[in-house]
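Have a look at the structure below before the remarks.
Numbering (this note's numbering), first residue to last: 4 to 179.
Have a look at this one:
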């Protein structure tokens with residue numbers, strides 16, 4: 004925990020500590036679901052918090068649903084990257100595999116039905132992540148590419164396709 008605080012300004016350290024305490028276990032479970040290895044899950048959480056610390060100035064509230072979604076996205080992508088590095092010799096990528104998703108960012112409450120948030124939650128995962136990072140969190144395409152270890156072209160394409168898919172979802176009868 005102390006190592007993260009070395010790159011965060013002193014007046015922001017309390018907020019980062021609250022964020023860490025609030026979401027550490029959630030992030031661990033997200034990473035464990037993907038990696039199926041407790042040591043690798045701990046590494047993924049550590050790396051994800053490091054990325055969050057580097058971008059902490061953009062986090063408006065340390066404990067909020069928006070911050071929770073941000074951390075889950077970063078943790079998932081970090082865990083997937085670790086999985087790919089570990090299974091490089093396997094021909095099947097993690098994106099093609101099915102695993103049970105416990106992503107708290109995807110759940111839609113009954114009162115949210117028919118809203119933009121519900122439509123975003125129903126987007127494919129890759130589109131949902133970049134759309135949220137770009138428009139909800141305000142990250143640039145370059146910053147998203149660094150956070151998710153994507154190329155800038157891939158991020159741009161995901162945003163374009165995600166917006167098109169989102170428009171299709173919103174046009175459907177249930178979102179009118």
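Where is the CB? At the ideal position from N, CA and C, for every residue including glycine. All values derive from a computational prediction rather than experimental measurement.
Where the alpha helix (DSSP H) containing residue i begins and where it ends
i	result
residue 131	128-134
residue 40	Looking at the DSSP string, residue 40 is not in any alpha helix (DSSP H), and its letter there is neither H nor E.
residue 162	155-174
residue 120	119-124
Rounded straight-line distance, which links the Cα of residue j to that of residue i
i	j	result
residue 103	residue 43	Confidence in residue 103 is poor, its pLDDT being 39 and thus under 50, which makes the residue's placement too unreliable to answer from.
residue 52	residue 144	20 Å
residue 22	residue 31	14 Å
residue 149	residue 82	15 Å
residue 157	residue 133	10 Å
residue 77	residue 174	30 Å
residue 19	residue 45	18 Å
residue 161	residue 72	18 Å
residue 172	residue 139	18 Å
residue 41	residue 15	30 Å
residue 92	residue 37	Confidence at residue 92 is low in this model, with a pLDDT of 44, below 50, so its placement is unreliable and the value that follows should be read with caution. For residue 92 and residue 37, the distance between alpha carbons rounds to 18 Å.
residue 60	residue 24	18 Å
residue 122	residue 167	12 Å
residue 151	residue 56	15 Å
residue 39	residue 69	26 Å
Buried or exposed (CB count within 10 angstroms, at least 16 for buried), residue i
i	result
residue 85	buried
residue 34	buried
residue 163	exposed
residue 74	buried
residue 131	buried
residue 193	Outside the shown range of the chain (4 to 179) lies residue 193, about which nothing can therefore be said.
residue 66	exposed
residue 89	exposed
residue 79	buried
residue 170	exposed
residue 141	exposed
Where residue i falls: helix, strand or coil (DSSP)
i	result
residue 142	coil
residue 66	coil
residue 84	helix
residue 17	helix
residue 113	In this predicted model, residue 113 has a pLDDT of only 45, less than 50, meaning its place in the structure is not dependable; the value taken from the coordinates is given anyway. Reduced to three states, the DSSP call for residue 113 is helix.
residue 46	helix
residue 90	coil
residue 22	helix
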